[in-house]
Each structure stands twice: as C-alpha cells, then as structure tokens.
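Take a look at the structure below.
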Amino acid sequence: PDQLSCTFRQIDGITLEKQTCSLWEKIWAFQARPDDLLIASYPKAGTTWTQEIVDLIQNDGDVEKSRRSPIQQRQPFLECSIPGLTQWVKDSADAMPSPRTLKTHLPVQLVPPSFWEKNCKVIYVARNAKDNMVSYYHFQRMNKRLPDPGSWDEYFEVFLAGKVIWGSWFEHVKNWWRKKDSHPILYIFYEDMLKDPKREIRKVIEFLGKNLKEEVLDKIVYHTSFDVMKNNPMTNYTHDKHLNYKLSPFMRKGIMGDWKNQFTEAQNKKFNEDYEKHMADTSLTFCMEP
Ligand code: A3P
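Using the UniProt record's numbering, the final residue of the sequence shown is 290, and nothing's skipped along the way.
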C-alpha cells in the first residue's frame, strides 16, 4: 500500500503533495543565492527546533526579533505553501532580503540544482528511524493536509516500505550523508541535540561563521528548549489551521525512545532486520536507546 491519492503525486518515484508536483518545474528552477542557507531534514526529525536555533543565532540571541512572526513565515518552505499562512516560496523568497534561510524536506536528488551551483550552506538534521516514524505517525493523524495514516500497524508497514510523503527515511538520511563529502553540509542529529544542546548549537554557530558570547549561547539553549518552544506561539504551529490539536499536539513529546511505547516486540524484530539490510551500505549510525 502507499499513500498516493488524488491529492498526492510522484516526482521521480517520491510521493509529494499535489501542490508541490504541479509546481515542480518552478521549484526545480528555483534560483538560490550564494548566501542562502538551507535547512533540510526528513519530516519530524527536529526541523522546527533547528530552524529556531538558526534564527536566534542569526539574530544574535535577540528573542524579541525571533518572535517577529511564525517560524513558517520567517523561513520559507521550499516545496510547500500553507494556504492562509504562507505564500508559495517563489513569491515569499523573492521578496526576502539576503541572507535568506529556507526549509526543505526534499530528498537530496530533488533539491533544485541552483543550491549546489551556488555552493549554498546546508544544515541537515537527522533523527533515529524508530522515533522519527512514531513522530511522523502522530503528525499524519493530526495534519489534515497529509494522508490519514490508518492504524499504527498499517502505518508501520507503509513507512518501512518507504511509501510515505517525501519518500523512504533510509534513502533520505543515507543520500544526504553521502552528499556531505562533496558539499558544505553540517549534518547533525536530534539525539545529540537532546543530549548536549550547547555543544550542538556551538557547532551551528561555527558553521554559520558567527561569534557569540557564552551568555548568548546559554540564552539560545534556554529559548530553544522543548517547554519554551511548546509555549511559544511563533514556534508551536498553533497558527496552522490544518493541524488538529485535539488529536495530537505539534510539540508532542520531544524525547528519545518513545518508540518503545509504540512498537510491539514483533515489529521491533522486523524493523531491526529491515534496518540492517537498508543500512549495510553506509557509515551512518544512529543512537536509538536513551
Ligand atoms: P515528537 O513528535 O517526537 O514529540 P519537525 O519540526 O521536523 O516536524 O519535528 C517535530 C518533532 O521535533 C516533534 O517530535 C517535536 O516534539 C520535536 N521537537 C520540536 N522542538 C523540540 C525541542 N525544542 N526539543 C526537543 N524536541 C523538539
């Protein structure tokens, strides 16, 4: 089974929203600027968290400035617009002064070539597959723009088969990992951010070529902690009318190892077998045990 329906189409075998597919030629022709920063991830890997960290770094830790508008408006979403909330990227990004920061969930092979030609910096955030899958399941339950995930057991199979929107988790994380050998990509992990946010934020500061005082760094750690972001209307997606908070919050748990509450023993066994096969050809490793 897959999640293709009248509202979804495929580009090169990757299922994407119909809106993305119908605008595909324009998205592919997107003109990046050399000082653009791209934040890339598989959905539910910690994108919003990384976005807020980056925005605070760019604004030297000025919290008021980072509260100027919802994160979706501060950093346009390359392949999607949210009706009633964000314009299509061409309109919003063209009007933005440099340096711009954009977000994408596209697999690396579908990123518009101009980002590579202009040698734009990219931050890729990855999260272990099991927690990523659980988070994506709950997100699909509450997001009216994505397909109904069905039962957890059904979703488990669909996700493992890579038939979800934005494609296979395995191919996504592996291909981005490979790309960093030939391009300026800072590849970070959700689990590392949880374990030592200060160290990871320092990496981002360095990658962006900024120099911030220790107290500013501490301030950014605090303002991007789960509880603060959950209560911040500019980062918790309460502006997005397509999300049904009665079913699940956007800022749901923000932990590692939640998969243990969701996977059955048999699912875990099957998952581990599949995982080994898919990950045999990469040096990329993840931490799944808290
Ligand atoms: P959970 O559903 O596991 O809670 P994305 O921004 O890519 O959609 O990812 C959303 C996931 O990141 C959600 O995971 C969300 O709770 C988590 N998240 C967002 N901000 C976070 C933060 N500051 N600290 C920890 N987790 C965060």
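Backbone N, C-alpha and C fix where the C-beta goes; we use that ideal spot for every residue, glycine too. For clarity, every value in this text was computed on a predicted model and none was experimentally measured.
Cα-Cα separation, residue i to residue j
i           : j      : result
Lys174      : Val228 : 32 Å
Asp91       : Ala266 : 48 Å
Ile220      : Asp36  : 22 Å
Gly254      : Glu289 : 15 Å
Phe170      : Ala126 : 11 Å
residue 330 : Val122 : Shown here, the chain extends from 1 to 290; a query on residue 330 therefore has no answer.
Pro1        : Pro147 : For Pro1, the pLDDT reaches just 44, beneath the cut-off of 50, and the residue's location in the model is therefore unreliable, although a value from the coordinates is still provided. Pro1 and Pro147: Cα-Cα distance of roughly 12 Å.
Met279      : Tyr42  : 16 Å
Thr48       : Glu79  : 16 Å
Asp274      : Phe226 : 31 Å
Met234      : Asp218 : 20 Å
Phe250      : Arg74  : 18 Å
Leu160      : Ser248 : 22 Å
Lys246      : Gly13  : 33 Å
Met142      : Ser151 : 13 Å
Leu208      : Asn272 : 36 Å
Glu214      : Leu194 : 19 Å
Ala93       : Tyr155 : 35 Å
Leu27       : Tyr124 : As written in the sequence, residue 27 is Ile, which differs from the Leu given in the question. Rounded to whole angstroms, Ile27 to Tyr124 spans 19 Å at the Cα level.
Thr50       : Lys230 : 14 Å
residue 333 : Pro107 : An answer regarding residue 333 cannot be provided, because it is not within the stretch 1 to 290 covered by the chain.
Thr7        : Leu212 : 45 Å
Phe77       : Asn232 : 20 Å
Thr20       : Trp88  : 10 Å
Pro149      : His138 : 8 Å
Whole-angstrom C-beta distance between residue j and residue i, which should lie under 8 Å
i           : j      : result
Asn132      : Ala45  : 6 Å
Ser114      : Ala32  : 4 Å
Cys120      : Pro197 : In fact, because the Cβ distance is near 25 Å, the residues do not count as touching under 8 Å.
residue 336 : Leu38  : It is not possible to answer for residue 336, since the shown part of the chain is limited to 1 through 290.
Thr224      : Leu56  : 7 Å
Lys144      : His242 : 5 Å
Enclosing alpha helix (DSSP H) for residue i [first to last residue]
i      : result
Tyr137 : Ala129 to Met142
Ala45  : Premise fails: Ala45 is in no alpha helix (DSSP H) and is neither H nor E.
Thr20  : Lys18 to Ser22
Leu160 : Trp152 to Leu160
His278 : Glu265 to His278
Arg68  : Looking at the DSSP string, Arg68 is not in any alpha helix (DSSP H), and its letter there is neither H nor E.
Val108 : Run containing Val108: none; DSSP gives neither H nor E here.
Glu117 : Ser114 to Glu117
Arg202 : Pro197 to Phe207
Residue i - containing beta strand (DSSP E), residue span
i      : result
Ile185 : Ile185 to Phe189
Ile11  : Phe8 to Ile11
Leu217 : Where Leu217 is concerned, there is no enclosing beta strand (DSSP E), although the alpha helix (DSSP H) it sits in stretches over Glu214 to His223.
Lys103 : Thr101 to Thr104
Assigned secondary structure, residue i (DSSP; H/G/I helix, E/B strand, else coil)
i      : result
Val228 : helix
Val122 : strand
Asp170 : One point to set straight first is that residue 170 is Phe, not Asp, in the sequence displayed. Phe170: helix per DSSP, three-state reduction.
Leu243 : strand
Pro1   : Bear in mind that the predicted position of Pro1 carries a pLDDT of just 44, short of 50, making it too unreliable to give a figure here.
Thr50  : helix
Met96  : coil
Phe77  : strand
Leu146 : coil
Ile57  : helix
Leu194 : helix
Ile82  : coil
Ile14  : strand
Ile27  : helix
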